[in-house]
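With UniProt numbering as the guide, the letters of the sequence shown map in order to residues 1 to 543. Where is the CB? At the ideal position from N, CA and C, for every residue including glycine. Below: the structure, in structure tokens.
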Amino acid sequence: MTPIMRMLALGLGLASVAEGWHDETVKDHTHRKNYVVSEQSRLQLVEQDLELAANLNAYAEQLQKKISVLRRVAENWRRALDEAKGREEEYLSNPLHSFPLIRTLHEDWGPVERLMQQLVGQEQIAALELMREHLPGAEDVAEAMWGIFRIVHTHNLEPKDVAEGVLDGIQYRGRLSALDCQALGKFYFHVADYQTAIKWLTLSQDLMEEQPLEYYDELGATSSGITLLLSRCLVALDRFDEAKILLGGDKTFGDKAYHIVSHFQKHPPQQSINMENGNFTEKFNRLCSSMSRRKTDGSAAHSKPARLHCRYNATTTAFLRLAPLRMEELSLDPYIVLYHSVLSDEEMARLENMSTPLLHRARVFDSGIRKPKISPARTADEVQIPNPKLVAEDIQLVECIQKRITDLTGLMLTSMRRIQFLKYGFGGIYVPHHDFFSVHTPTSRLHGDRIATVIFYLNDVEHGGATAFPNLDLVVPTERGAVLFWHNMDGETYDLDYRTLHGACPVIVGTKMVMTRWIYEWDQMFVKSTYYPPRQKDYRQFN
């Protein structure tokens, strides 16, 4: 390996950076802790961090004791030497001086040498080794990194603002360190977004001034290493002269700048992290950002034409005559409504308590596959309820909610009796998609396609997490206890309505809990049995 190649390998350290990041897909570990979604797991991280800090302090105290003893010994020896300085012959003519010197060099150096070689803090090191298996791994870091990426990308945020705690126009108390920014810079380098990588890496170098350089050296981060990666980004952007100037100004590289830039030109970087489902539609991003601004300034969450109304629904089923529900019309074509205060606080608390211990990574259906799979398209934890592990009272609550869905929609729920409970963490998103299959699957053969969708919002998300319909210019914020309902298929012709493309905006701060219930067309055989010829309108234009 040439000197330049050795320098690049040491300076960049990119192989370890991409560990766990080759794509967004996270391995299917059913019992894996999800530090992004689970509040309990994050609280455990705080406890582990405190324990690690206490362990490190204990280790430092052990080292300090050893250092203090060695310094006292050295000070005593130095005192005698300082006293003899300049008059050594006279000093050593005194037996009270020469005898201690001879004895010390023969007898005291042995114990001091053994003390220097003695390992200290072994108990703390052993405790650290035991904790390592319970600490977050590369996979967890990758998922957290994608969460930050989705927030930044969807809302078009500037790295400097994010590092200073400004997220989508709101100032938060948190800050990012030099090491955090360096990690994000390497991440953006791997997704081939070199312009943004430069911003993160430059921020990292600026923030390094907050700590002594030795601090970063010990943690494997150096300003020269960042300079090297910055220059590689510049070369990838064909900014060769800037890269040479940058490298030339660093004493580590000096006159090697020309050769390094030439090497980078001959070996351009390759995108090593899969960006599938990483880029969202411009309309979707705009709707998510506008939703955050409206919540911040207190204006209306969604604007409606004058012909849409808010009213009490007392007609869908006979039961609603006794207990009508507050309904807000959001769209008449396609039909989309929001019901308010459908669930009580007690019901939502019970749903959360029964579902949280059973959560695992969410799966979605993809075209051409027979079974759902884990996908970066939906970054949440899920469980289907009722679940065999639930007690009778919990199952009874779920069945009660099923009946309430019939009251809300007027549709039958004979098939697929389970409801999907979902929990999103920061950066959690469901990319724009349609709920209907439009392809044959085992489910669609048995039950037909998904004619309608019902979403229960179980909490108010502090920032982000709205449901956006890009083709309709409609965005709906989370509202604790509310239910969003829409038709995925035309109620008369059963044509697939591509206008119902929708997605879950990334959660910026907090967590988001929802329940989803899909309603299938064959269950409506005796409810909506009439079939009309297709109308002239072609819904596929919105696909």
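- Item | Burial state of Ala349 (16 or more Cβ within 10 Å) | By 1-based counting over the sequence shown, the position of residue 349 is 349. Exposed, because fewer than 16 other Cβ atoms sit within 10 Å of the Cβ of Ala349.
- Message: Rounded to the nearest angstrom, what separates Thr516 and Lys283 at their Cα positions?
- Response: Position 516 of the sequence shown, counted from the first residue, corresponds to residue 516. Position 283 of the sequence shown, counted from the first residue, corresponds to residue 283. So the alpha carbons of these two residues sit roughly 24 Å apart.
- If we count Cβ pairs, one from each stretch, closer than 8 Å, do we get three or more for the segment 423-441 versus the segment 384-392? no
- With DSSP as the reference, label Leu325 as helix, strand or coil. Taking the first residue of the sequence shown as position 1, residue 325 is located at position 325. Three-state result, Leu325: strand.
- Cβ shell of Gln524 (< 7 Å), same chain only, five flanking positions each side left out: Along the sequence shown, read from residue 1 onward, the residue named residue 524 stands at position 524. Once the five neighbours on either side are set aside, the close Cβ partners of Gln524 are Leu411, Met412 and Ile451.
- Task: Starting from Asp381, trace the beta strand (DSSP E) both ways and give me its first and last residue.
- Result: Sequence index remark: in the sequence shown, residue 381 carries index 381 (1-based). Its beta strand (DSSP E) spans residues Asp381 to Ile385.
- Query: Does DSSP put Arg361 in a helix, a strand or coil?
  - Reply: Taking the first residue of the sequence shown as 1, we reach residue 361 at position 361. Residue state, collapsed to three classes: strand.
- Take the Cβ of Ala74 as the centre, count every other Cβ of all protein chains shown within 10 Å, and call the residue buried at 16 or more, exposed below. Residue mapping note: residue 74 aligns to position 74 of the sequence shown, counting from 1. That one is exposed.
- Through-space distance from Arg361 to residue 544, alpha-carbon basis: Look at the range of the chain in this structure, 1 to 543, and you will see that residue 544 is not part of it.
- Report back the beta-carbon spacing between Val476 and Leu338 to the nearest angstrom; my notes put them in contact at under 8 Å. The count along the sequence shown starts at 1 and reaches residue 476 at position 476. The count along the sequence shown starts at 1 and reaches residue 338 at position 338. Confirmed, Cβ separation roughly 6 Å.
- Task: Count the other C-beta atoms from every protein chain shown that fall within 10 angstroms of the C-beta of Ile198, then say buried if there are 16 or more, exposed otherwise.
- Result: Taking the sequence shown and counting its residues from 1, the one referred to as residue 198 is at position 198. By the 10 Å Cβ count, Ile198 comes out buried.
- Exposed unless 16 or more other CB atoms sit within 10 angstroms - verdict on Leu355: Stepping through the sequence shown from its first residue, residue 355 is reached at position 355. Position check: residue 355 holds Ser in this sequence, whereas Leu was assumed. Buried, because 16 or more other Cβ atoms sit within 10 Å of the Cβ of Ser355.
- Item | Terminal residues of the beta strand (DSSP E) in which Cys310 lies | For this step, residue 310 is matched to residue 310 along the sequence shown. Element bounds for Cys310: Cys310 to Asn313.
- Along the beta strand (DSSP E) that carries Pro432, what are the first and last residues, could you check? On the sequence shown, position 432 is the one that residue 432 refers to. Pro432 -> beta strand (DSSP E) spans Tyr430 to His433.
- Task: Return the CA-CA distance between Asp255 and Ile67, expressed in angstroms with no decimal places.
- Result: By one-based count along the sequence shown, residue 255 stands at place 255. By one-based count along the sequence shown, residue 67 stands at place 67. The alpha-carbon atoms of Asp255 and Ile67 are separated by roughly 42 Å.
- Query: Helix, strand or coil: how does DSSP classify Tyr339 here?
  - Reply: As a working mapping, residue 339 is identified with position 339 in the sequence shown. Strand.
- Decide if the segment 160-175 is in contact with the segment 210-217; the criterion is three or more beta carbon pairs, one per stretch, under 8 Å apart. no
- Query: Under 7 Å between the Cβ atoms of Leu246 and Ser231?
  - Reply: Within the sequence shown, the letter at position 246 stands for residue 246. Within the sequence shown, the letter at position 231 stands for residue 231. Closer than 7 Å, so yes.
- Excluding five sequence neighbours on each side, which residues of the same chain lie with their C-beta closer than 7 Å to the C-beta of Gln420? Numbered from its first residue, the sequence shown carries residue 420 at position 420. Same-chain partners within the cutoff: Glu382, Gln384, Met515 and Thr516.
- Query: Between which two residues does the alpha helix (DSSP H) harbouring residue 545 extend?
  - Reply: Any question about residue 545 goes unanswered here, given that the chain covers just 1 to 543.
- Query: By Cβ distance below 7 Å, which residues in the same chain neighbour Ser41 in space, the five residues on each side in sequence not counted?
  - Reply: Counting from 1 along the sequence shown, the entry for residue 41 is found at position 41. Closer than 7 Å at the Cβ level, and outside the excluded window around Ser41, lie Lys33, Asn34 and Tyr35.
- Task: Alpha carbon to alpha carbon, how far is Tyr335 from Cys288? Give it in angstroms, no decimals.
- Result: For the purposes of this step, residue 288 is identified with residue 288 of the sequence shown, where counting begins at 1. For the purposes of this step, residue 335 is identified with residue 335 of the sequence shown, where counting begins at 1. When rounded, the distance between both Cα atoms is 21 Å.
- Could you say which of Gln182, Gln62 and Thr478 lies nearest to Lys512 if we only look at CA atoms? As a position in the sequence shown, residue 512 is number 512, starting the count at 1. Out of Gln182, Gln62 and Thr478, Thr478 has the C-alpha closest to the C-alpha of Lys512.
- Message: By the three-class DSSP mapping on this structure, what secondary structure does Arg378 have?
- Response: Position 378 of the sequence shown, counting from 1, holds the residue named residue 378. Note: Arg378 maps to strand in three-state DSSP.
- Message: Please state the DSSP three-state secondary structure of Gly254.
- Response: For the purposes of this step, residue 254 is identified with residue 254 of the sequence shown, where counting begins at 1. Correct three-state label for Gly254: helix.
- Message: Only counting the same chain, and skipping five residues up and downstream in sequence, which positions put a Cβ closer than 8 Å to that of Leu45?
- Response: Within the sequence shown, numbered from 1, the residue matching residue 45 stands at position 45. Tyr35 and Pro136, listed in sequence order.
- Item | Neighbourhood of Gln124 by C-beta distance below 6 Å, restricted to the same chain and skipping five residues each side | Taking the sequence shown and counting its residues from 1, the one referred to as residue 124 is at position 124. Taken in chain order, the residues that qualify are Asn55, Ala58 and Tyr59.
- How is Val166 classed by DSSP in three states: helix, strand or coil? What you label residue 166 is simply residue 166 of the sequence shown in a count that begins at 1. In this structure, Val166 counts as strand in the three-state DSSP scheme.
- Message: Among Phe456, Leu358 and Cys505, whose alpha-carbon lies nearest the alpha-carbon of Ile429?
- Response: Numbered from its first residue, the sequence shown carries residue 429 at position 429. That would be Cys505, whose Cα lies nearest to the Cα of Ile429.
- State the beta-bridge partners of Met489 as determined by DSSP. In the sequence shown, residue 489 corresponds to position 489, counting from 1. Answer is Leu496, bridged to Met489.
- Task: Mark Thr414 as exposed unless 16 or more other C-beta atoms lie within 10 angstroms of its C-beta, in which case mark it buried.
- Result: Start at 1 with the first residue of the sequence shown, and residue 414 comes out as number 414. Flag for Thr414 reads exposed.
- Message: Can you check which of these residues, Asp193, His97, Ala126 and Leu96, is closest to His153 by C-alpha distance?
- Response: Against the sequence shown, residue 153 aligns to sequence position 153. His153 has its Cα closest to that of Asp193, out of Asp193, His97, Ala126 and Leu96.
- Query: From which residue to which residue does the beta strand (DSSP E) around Ile451 run?
  - Reply: Within the sequence shown, residue 451 is the residue found at index 451, counting from 1. Taken as a continuous stretch (DSSP letters only), the beta strand (DSSP E) holding Ile451 covers Arg450 to Tyr457.
- Ordered along the chain, which non-local residues of its own chain (more than five positions away) have a Cβ less than 8 Å from that of Tyr312? Position 312 of the sequence shown, counting from 1, holds the residue named residue 312. So the qualifying residues of the chain are Pro324, Leu325, Arg326 and Met327.
- Any idea which residues DSSP pairs Thr467 with across the strands? Residue numbering aside, residue 467 sits at position 467 when the sequence shown is read from its first letter. Its beta-bridge partners are Val476 and Ala504.
- Have a look at the DSSP bridge pairing and note the partners of Tyr35. As a working mapping, residue 35 is identified with position 35 in the sequence shown. Looking at the DSSP assignment, Tyr35 forms no beta bridge with any residue, so it has no partner.
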